[in-house]
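Trainee: With the UniProt record's numbering, letter number 248 in the sequence shown gets 248, and the count goes up by one each step, no holes.
Note that CB positions come from ideal geometry on N, CA and C, so glycine has one too.
Below: one structure in structure tokens.
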Amino acid sequence: MRQSIHLVRTADGVHLAWTRTGTGPSLVKAANWMTHLRDDVDSPVWRHWLRFFSTHFDLLRFDERGCGLSDREVGDVAETHWLSDLKTVVEAANPRAPLVLLGISQGGAAAIRYAIRHPERVSHLILYGSYARGWARRSERDAEHYRAVVEMVRLGWGSDNPVFRQAFTARFLPGGTHEQLDWYNDLCRKTCSPEMAVKLLSVRAFTDISELLPQVRVPTLVLHAREDEVVPFDEGRRLAAGIPGAEFVELESRNHVLLGHEAAWAVFQRAVLDFAGIAPGERPAAGEEALSRREREVLHLLCRGLGNADIGRRLLISEKTVRNHLSNLYRKLGVANRGQAIVRGSSAGGAP
């Protein structure tokens, strides 16, 4: 899979890496920990997430400060930057509003703040594995447990001995395969330094946006794994209860990051599409009936003026595959060239 990586500079001089893939309604994913824009597209942990969202949406995502392809040596990772960094990336990428906003884990806090500040730009808010209170704001038992986790990260994150990282990984993916666990274990070292890992964990500990939840005025879907070992299930219920009218979906899973082979992943996909008003089998616009879903996606991007290379990057496919799709859609639409296809697609609603 290919994609274009872009960099944007924040007000305090940090470079954030972002990318867009797919076609459809705009979906912006707030940053969460343990991502790497380049490597995630081929990973056994995140690959199915990216393919799902890129199939149904114009997906915008970025690596948070201190991690992945964003600047790694960053002095300030305070919570105040969660919202400002999200706004900086959205302004740079300029996705078409209204946005579907996705917050995973601690990314939920930034997504919630953005939805409160800019309700006119947000059509739907989706929160998965998220929370309003960091571990230091919960029970003393939670606080003691996470202090032990932070100490384990401080001592073992950069060690050649993988035992410490494996213990950390097992909490995120208790139902993972050997391949998934090994990949996530390796990601720990690739995505950020031991010092940054401790900083990020510590900052997350003290967040508490409980008082902001009643201010959310956009349709909200909250999904949470029943046996999540990273963010307790009750925190997900508490989050949903605090947001007016929020829909709550319980997922039968032990994994903080849902894996592609588990039944909960299929439930998650159906819930997201239903909530966003996207029917997987909905009838295409007139003039496109004979086209496959992927061919319609290519046509839509064609009508927006993208070249073959850009279409390939958006859809995570090769230029050769783009050319094959173009040949097929030319034949099915009864046109001879790119210009005619654009005219036909635009008149049939192919240009969003």
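Go to ARG313, then tell me how far its alpha helix (DSSP H) extends in each direction, as first and last residue.
Mentor: Here the alpha helix (DSSP H) through ARG313 covers 308–315.
Trainee: Taking GLN340 as the reference, which of ASP310, ARG204, CYS303 and HIS325 has the closest Cα?
Mentor: CYS303
Trainee: Can you tell me the Cβ-Cβ gap for LEU27 and VAL100, rounded? I've got them flagged as a contact below 8 Å.
Mentor: 4 Å
Trainee: Taking the straight line between their C-alpha atoms, what separation do you get for residue 363 and ALA109?
Mentor: Past the edges of the chain, shown from 1 to 352, lies residue 363, and the structure says nothing about it.
Trainee: Inspect the beta-carbon positions of GLY129 and GLU262 and report whether they are closer than 8 Å.
Mentor: For GLY129 and GLU262, no; Cβs fall outside 8 Å.
Trainee: If you follow the beta strand (DSSP E) that SER26 is part of, which residue opens it and which one closes it?
Mentor: 26–29
Trainee: Check for me: the alpha helix (DSSP H) holding PHE172 runs from which residue to which?
Mentor: 163–172
Trainee: Three or more beta-carbon pairs under 8 Å between the region 198–214 and the region 132–146, yes or no?
Mentor: yes
Trainee: Drop a sphere of 10 angstroms on the beta-carbon of LEU326, count the other beta-carbons inside from all chains shown, and report buried for 16 or more, exposed for fewer.
Mentor: buried
Trainee: With a 10 Å radius around its C-beta and 16 neighbouring C-beta atoms as the bar for buried, classify ARG113 as buried or exposed.
Mentor: buried
Trainee: Between the region 223–234 and the region 193–204, do at least 3 Cβ pairs fall closer than 8 Å?
Mentor: no
Trainee: Is HIS178 buried or exposed, if buried means 16 or more other CB atoms sit within 10 Å of its CB?
Mentor: exposed
Trainee: Only counting runs of 4 or more residues, tell me where the alpha helix (DSSP H) segments fall wholly within the region 195–266, in order along the chain.
Mentor: For the region 195–266, whole alpha helix (DSSP H) runs of length 4 or above, ordered along the chain, are 233–242.
Trainee: Within this structure, are the beta carbons of LEU273 and HIS48 separated by less than 8 Å?
Mentor: No; because the gap between Cβ atoms is not below 8 Å, this pair is not in contact.
Trainee: So what does DSSP say about ARG138, is it helix, strand or coil?
Mentor: Of the three classes helix, strand and coil, the one that applies to ARG138 here is coil, per DSSP.
Trainee: Buried or exposed, going by whether 16 or more other CB atoms sit within 10 Å of the CB of LEU59?
Mentor: buried
Trainee: Alpha carbon to alpha carbon, how far is LEU333 from THR19? Give it in angstroms, no decimals.
Mentor: Between the alpha carbons of THR19 and LEU333 lies a gap of roughly 31 Å.
Trainee: Do you know offhand how far ASP186's Cα is from THR35's?
Mentor: If you take the alpha carbons of ASP186 and THR35, they lie about 12 Å apart.
Trainee: Throw me the rounded Cβ distance for the PHE172 and VAL257 pair, which I believe falls under 8 Å.
Mentor: 6 Å
Trainee: Using three-state DSSP, classify GLY103 as helix, strand or coil.
Mentor: GLY103 falls in the strand class under three-state DSSP.
Trainee: Below 6 Å CB to CB, which residues in the same chain sit around TRP46 once its five sequence neighbours on both sides are set aside?
Mentor: ASP40
Trainee: In the DSSP assignment, the beta strand (DSSP E) including TRP18 goes from what residue to what residue?
Mentor: 15–21
Trainee: Grouping DSSP H, G and I as helix and E and B as strand, with all else coil, what is HIS36?
Mentor: coil
Trainee: Which word fits ALA97, buried or exposed, when buried means at least 16 other C-beta atoms lie within 10 angstroms of its C-beta?
Mentor: exposed
Trainee: Just checking my contact of LEU315 with GLU297 at CB under 8 Å: how many whole Å lie between their CB atoms?
Mentor: 6 Å
Trainee: Using a Cβ-Cβ cutoff of less than 8 Å, which residues in the same chain neighbour residue 395 once the five nearest sequence positions on both sides are dropped?
Mentor: This structure cannot speak to residue 395, because the chain is shown only from 1 to 352.
Trainee: Where ASN255 and ASP12 are concerned, what is the direct C-alpha to C-alpha distance, given to the nearest angstrom?
Mentor: 35 Å
Trainee: Helix, strand or coil: which one does DSSP assign to ASP58?
Mentor: strand
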